[in-house]
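Read through the structure below, which is laid out as structure tokens, and then see the notes.
Protein chains: 2
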Amino acid sequence: MPYTQDIETCRETAIGGGGVSAAALDAALEAADPALDRLRGDIEGGRLPALAIARSDADLSAIEETAQRLAASCDDVLVLGTGGSSLSGICYRALNPVNAGPRLHFLENVDPEGFEDALAGLDLGRAGLLVVSKSGTTAETLSQAFALIPRLRAARGADGLAGAAAVISDPPAPGAAPAPLRRLAGEIGLPILDHEPGIGGRFACLSNVGLLPARLCGIDPKVVRQGAAQVLDGLMTGTNAAAIAPALGAALNVAIARERGLTQAVMMPYLDRFAPFAAWYSQLWAESLGKDGKATTPIAALGTRDQHSQLQLWLDGPSDKLYTLIFGAPLGTGPDIAPPESAGPGLDYLAGRRMGDLLAAEQEATRETLVARGRPVRVFTLPRSDGRAMGALMAHFMAETIIAGDLLGIEPFGQPAVEAGKVLARQKLAAMAGRPGGVGPGGAATL
Amino acid sequence: MPYTQDIETCRETAIGGGGVSAAALDAALEAADPALDRLRGDIEGGRLPALAIARSDADLSAIEETAQRLAASCDDVLVLGTGGSSLSGICYRALNPVNAGPRLHFLENVDPEGFEDALAGLDLGRAGLLVVSKSGTTAETLSQAFALIPRLRAARGADGLAGAAAVISDPPAPGAAPAPLRRLAGEIGLPILDHEPGIGGRFACLSNVGLLPARLCGIDPKVVRQGAAQVLDGLMTGTNAAAIAPALGAALNVAIARERGLTQAVMMPYLDRFAPFAAWYSQLWAESLGKDGKATTPIAALGTRDQHSQLQLWLDGPSDKLYTLIFGAPLGTGPDIAPPESAGPGLDYLAGRRMGDLLAAEQEATRETLVARGRPVRVFTLPRSDGRAMGALMAHFMAETIIAGDLLGIEPFGQPAVEAGKVLARQKLAAMAGRPGGVGPGGAATL
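From first to last, the protein sequence lines are chains A and B. Our numbering puts the first sequence at residues 1 to 447. Our numbering puts the second sequence at residues 1001 to 1447.
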């Protein structure tokens, strides 16, 4: 497996009264067995393509062709999308920061200053465009596209842009009109890839949404899916929940939160290449389970940095968090960090060491320090920080979240509460007096 | 003032049972008056240079000279430091992303892969070095320096590096030997700026630690301090806590957490240029107040992105958070986002709008949606996202944190719990068998 999971330092036997009791964990694991059966049934029955896609022979040629087409004419690719449409792509980009291909710029917000900052210094004549919106109606993403497309067409011509662009969006329902993004793309000739049906935004990391940016960043989509498939294979064939990592993880989360009143779940990778993974996980966990007053709140962190920022609170603040640390296996790697004589005495502990040794020591020291204070720590270890490991961890946490939802009695796939805010934002925009940026009463610009 | 603070939608009268009652807020404000007196006494008595420095005539010429020296010979500057030594610099960098000066790269971790990734593609012959460690003994920062300095000296020669480097560290105590970083810098001729005495790392944003990176990024240190001084002036001359923004903020935080059992404090800027501010705030709040089982846990977010990631949980998950939103004043600014005819019907709400109008609508919709669910929302509004606003907000939150510490009976300036972890990491490193990265039994490299 591309990772291991160790929950031993979450147990009462290891850390005392802040840990989960054997009885509570066993009860959750017992409930996880039928939850697993339901999950397996959904995967086999075609009701969960977000996971099943990892084991399918799904054709990756559209991703490959699109990536090659964009790479051929782009130094930079502007990726418009937010939430589930951006976070997995950002994870893949971090895996290969020295990628020789086009640079990806993820525009997730609609701050006018940030938008112009992101474009400053780019040669729009060599910039490509990837627009991602599942619904095809996301106000932020549409607005970015409406602002940007005329500039890109001016810089590289209508045909030039079409050759350097792609759109990912849901296919229209039978008989329905296409959504605005899809219609716009069709009208002006931007190639369209389907947002594969039945896959929600935050579960789209193994689909076109995640894997096209991955491929543009030099990460092989096939290897990512292979990593995810290893987790799926274990899930489909494992004998019981305790032996299946995502089920064990779900049971742990639910049991310890209930028994010890935990309200927060910290996700702290120690690997820079997995830094954005904590943000991806935070959306997955929060949006899937934040319903009916339930769910712990995810907190994204980064080691070693947050040892110098959050650790004081974690050790001596309220005991209300489950800590998930992601370790690398860096022993003996990296540059020499041996102290020069000119630094003087007191540094013997660094003598003969490499940077990876220090990272290994810091990882373990953080775990032990938390444990000494009775705080529950779960550890994932990644032998390699590559696309296979990313695919595996993403599959793990998607399965863990779905199983946790089952244990909590929460439907994990919707996000009904945010719809009201979207409607309200549109109403506010429509009702603004004076239309200060007005382009005329009809309001329709032409592209 | 470079900002306004609005706490109205935190009150019980506005949001019902999740809001703070007048009685609870008044009680906290009453306690804040003597806390304010103590804070004023500390500032006037020279015991709080972290804040007082904003109103001093402190000489900024060392920052100016160092910045000019580095800018003259560097395309890139590698900044080694972590926690309080990096987070404020990262905030300033975000204010001017199109800076024509050298690019700053903050190396905060000791992941060997991340370290090499950060260096990849840089011309070390045109790279400068800034090493920041208050104590001069930070293991991560020393290790980075030991790994990097030989490479930089190889690329640009010993004198070349000295001309393109600077170190910020505490001056040695009278009669004491200099700490390793300071000794190393002295031995190999790297210019040293003092970490101004009496200023802790996370309170160092208005000192050399924050303002040298600021200046390198084209942000005027004087203007930052002017922004902070406006807050300080209000604090020194205000008549009572309710009329002084940081005192009101501290009272609100303490009162609502106590009365309503809140455990978390979300910080969500809607301005990309203030995105790293949430991480800076998170360290300040967590490390200052995370003691004796007290303090709410800070959570860094970013609008509009986290509307598509965390908002579902905030609306329908547990009611256990105070939300602080930072709004811009973007109405009528930014590019046109009017829908083209080719996008089809259903987009009238965007007609005649600019991107800033959408941001304004999103900001307000988020506040109103949270309020409709009875969640407490505090709003800061920044007329401009510049150095003055950053200085003012940093001074606000330093004062708010110190006053909250007083109200909670917490000493905000230490971080005693993390010391055990630092010792443990060193012990682990020293005890590693085999010394896999060994450079010989003596372990002393030469620079």
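Where a beta carbon is used, it is the ideal one built from N, C-alpha and C, also for glycine. All values reported here derive from a predicted model rather than from experimental measurement.
Between the Cα of residue i and the Cα atoms of the options, which residue gives the shortest distance?
i          : options                                           : result
Gly261(A)  : Gly19(A), Leu315(A), Glu8(A) and Tyr3(A)          : Gly19(A)
Ala265(A)  : Glu341(A), Val377(A) and Asn208(A)                : Val377(A)
Arg1375(B) : Leu1408(B), Thr1304(B), Pro1150(B) and Trp1314(B) : Trp1314(B)
Thr1324(B) : Val1231(B), Ile1007(B), Leu1289(B) and Asp1316(B) : Ile1007(B)
Ser309(A)  : Gly1084(B), His1308(B) and Glu1419(B)             : Gly1084(B)
Gly1189(B) : Ala1164(B), Val1209(B) and Asp1170(B)             : Ala1164(B)
Pro340(A)  : Glu1187(B), Asn1099(B) and Asp1026(B)             : Glu1187(B)
Pro178(A)  : Asp1292(B), Gly1344(B), Phe1397(B) and Leu1119(B) : Gly1344(B)
Gly1293(B) : Ala229(A), Pro318(A) and Glu287(A)                : Pro318(A)
Gly198(A)  : Ala251(A), Pro171(A) and Ala71(A)                 : Pro171(A)
Leu1051(B) : Gln1226(B), Ala1365(B) and Pro1416(B)             : Gln1226(B)
Gly1387(B) : Val1224(B), Lys1428(B) and Gly1346(B)             : Val1224(B)
Gly16(A)   : Ala372(A), Glu400(A) and Val418(A)                : Ala372(A)
Lys321(A)  : Ser1133(B), Thr1263(B), Asp1194(B) and Ala1365(B) : Thr1263(B)
What would DSSP say about residue i, mapped onto helix, strand or coil?
i          : result
Ala1445(B) : Only weak support exists for where Ala1445(B) lies, its pLDDT of 41 falling under 50; the value from the coordinates is given anyway. The answer is strand: DSSP assigns Ala1445(B) an E or B state.
Phe1277(B) : helix
Leu95(A)   : helix
Thr381(A)  : strand
Ile1299(B) : strand
Pro339(A)  : coil
Met1267(B) : strand
Ala1027(B) : helix
Arg1375(B) : coil
Ile326(A)  : strand
Arg1011(B) : strand
Leu1211(B) : helix
Leu107(A)  : strand
Val1439(B) : No answer about Val1439(B) holds up, because its pLDDT of 39 lies below 50 and its placement is not dependable.
Ile1410(B) : coil
Gln1415(B) : coil
Quick one: what's got a C-beta closer than 7 Å to residue i's C-beta in the same chain, skipping five residues either side?
i          : result
Asp1123(B) : Asp1075
Ile1337(B) : Leu1350, Arg1353, Arg1354, Met1355 and Leu1358
Glu259(A)  : Val20, Ser21 and Ala24
Phe106(A)  : Val79, Ser86, Gly89 and Ile90
Ser468(A)  : The structure shown does not extend to residue 468(A), since chain A is modelled only from 1 to 447, so the question has no answer here.
Ala1242(B) : Leu1029 and Leu1248
What residues are listed by DSSP as bridge partners for residue i?
i          : result
His396(A)  : BP columns for His396(A) are empty, so no partner.
Ser449(A)  : Residue 449(A) lies beyond the stretch modelled for chain A, which goes from 1 to 447, so this question has no answer here.
Gln1005(B) : Phe1380(B)
Leu313(A)  : In DSSP, Leu313(A) forms no bridge with anything.
Asp357(A)  : Paired residue(s): none; Asp357(A) is not in a bridge.
Val132(A)  : Ile168(A)
Val79(A)   : Phe106(A) and Leu130(A)
Lys1321(B) : Gln1264(B)
Val20(A)   : Arg11(A)
For residue i, which residues from the same chain have a beta carbon less than 6 Å from its beta carbon, with the 5 sequence-adjacent residues on both sides left out?
i          : result
Arg1093(B) : Leu1104 and Cys1217
Thr4(A)    : Thr381
Pro383(A)  : Ala329
Leu1302(B) : Ala1275
Gly443(A)  : Annotation note: pLDDT 39 at Gly443(A) (below 50); position unreliable, coordinate value reported separately. Around Gly443(A): no qualifying Cβ.
Gly1440(B) : At Gly1440(B) the pLDDT is 38, less than 50, meaning the model places this residue with poor confidence; the figure from the coordinates comes in the next sentence. If we look at Gly1440(B) and ignore the five residues flanking it on each side, it has no Cβ neighbours.
Ala1139(B) : none
Ala404(A)  : Ala250, Asn253 and Val254
Gly437(A)  : Since pLDDT at Gly437(A) reaches only 41, below the 50 mark, its modelled position is unreliable, and the value read off the structure follows with that caveat. Result list for Gly437(A): empty, nothing under 6 Å.
Thr13(A)   : none
Does the beta-carbon of residue i, which I'm using as the reference point, lie nearer than 7 Å to any heavy atom of the ligand COA?
i         : result
Leu382(A) : Among the components modelled here there is no ligand, and therefore nothing to report on the ligand COA.
Tell me which residues share the same chain as residue i and place their Cβ nearer than 8 Å to its Cβ, disregarding the 5 neighbours each side in the sequence.
i         : result
Thr446(A) : Summary for Thr446(A): the model assigns pLDDT 41, below 50, so the residue's position carries little reliability; its value from the coordinates is reported in the next sentence. No residues qualify anywhere along the chain.
* To do: Pull out every residue of the stretch 1106-1120 of chain B whose Cβ sits closer than 7 Å to any Cβ of chain A, in chain order.
  => Only Glu1108, Asn1109, Val1110, Asp1111, Pro1112, Glu1113, Gly1114, Phe1115, Asp1117 and Ala1120 from the stretch 1106-1120 of chain B bring a Cβ to less than 7 Å from some Cβ of chain A.
* Asked: Between the stretch 247-280 of chain A and chain B, which residues of the former have a C-beta closer than 7 Å to a C-beta of the latter?
  -> Answer set for the stretch 247-280 of chain A: Thr263, Gln264, Tyr270, Leu271, Asp272 and Arg273.
* Residues of the stretch 1320-1336 of chain B with Cβ closer than 8 Å to any Cβ of chain A, in chain order -> Near chain A, meaning a CB-to-CB distance below 8 Å, the residues of the stretch 1320-1336 of chain B are Asp1320, Lys1321, Gly1328, Pro1330, Leu1331, Gly1332, Thr1333, Gly1334, Pro1335 and Asp1336.
* Asked: For the stretch 1361-1372 of chain B, which residues have a CB atom closer than 8 Å to at least one CB atom of chain A, in sequence order?
  -> Listed by position, the residues of the stretch 1361-1372 of chain B near chain A (Cβ gap below 8 Å) are Ala1361, Glu1362, Glu1364, Ala1365, Thr1366, Glu1368, Thr1369 and Ala1372.
* To do: Anything in the stretch 178-203 of chain A with a Cβ closer than 7 Å to a Cβ of chain B? List those residues in chain order, please.
  => Along the stretch 178-203 of chain A, the positions whose C-beta sits under 7 Å from a C-beta of chain B are Pro180, Arg183, Leu184, Glu187 and Ile188, read in chain order.
* Using a Cβ cut-off of 9 Å, which residues of the stretch 1287-1304 of chain B contact any Cβ in chain A, in chain order? -> Within the stretch 1287-1304 of chain B, contact with chain A at the beta-carbon level (separation under 9 Å) is assigned to Glu1287, Ser1288, Leu1289, Gly1290, Lys1291, Asp1292, Gly1293, Lys1294, Ala1295, Thr1296, Thr1297, Pro1298, Ile1299, Ala1300, Leu1302, Gly1303 and Thr1304.
* Anything in the stretch 1131-1142 of chain B with a Cβ closer than 9 Å to a Cβ of chain A? List those residues in chain order, please. => Listed by position along the chain: Thr1137, Thr1138, Ala1139, Glu1140 and Leu1142.
* To do: Return the residues of the stretch 345-362 of chain A that lie within a Cβ-Cβ distance of less than 7 Å from chain B, sorted by chain order.
  => Listed by position, the residues of the stretch 345-362 of chain A near chain B (Cβ gap below 7 Å) are Gly346, Leu347, Asp348, Tyr349, Leu350, Ala351, Gly352, Arg353, Arg354, Met355, Gly356, Asp357, Leu358, Leu359, Ala361 and Glu362.
* Asked: Residues in the stretch 1406-1436 of chain B with C-beta within 7 Å of chain A's C-beta atoms, listed in sequence order?
  -> Residues passing the 7 Å Cβ filter: Gln1415, Ala1417, Val1418, Ala1420, Gly1421, Leu1424, Ala1425, Arg1426, Lys1428, Leu1429, Ala1430, Met1432, Arg1435 and Pro1436.
* Near-chain A residues of the stretch 1155-1167 of chain B - C-beta to any C-beta below 8 Å -> Listed by position along the chain: nothing, the set is empty.
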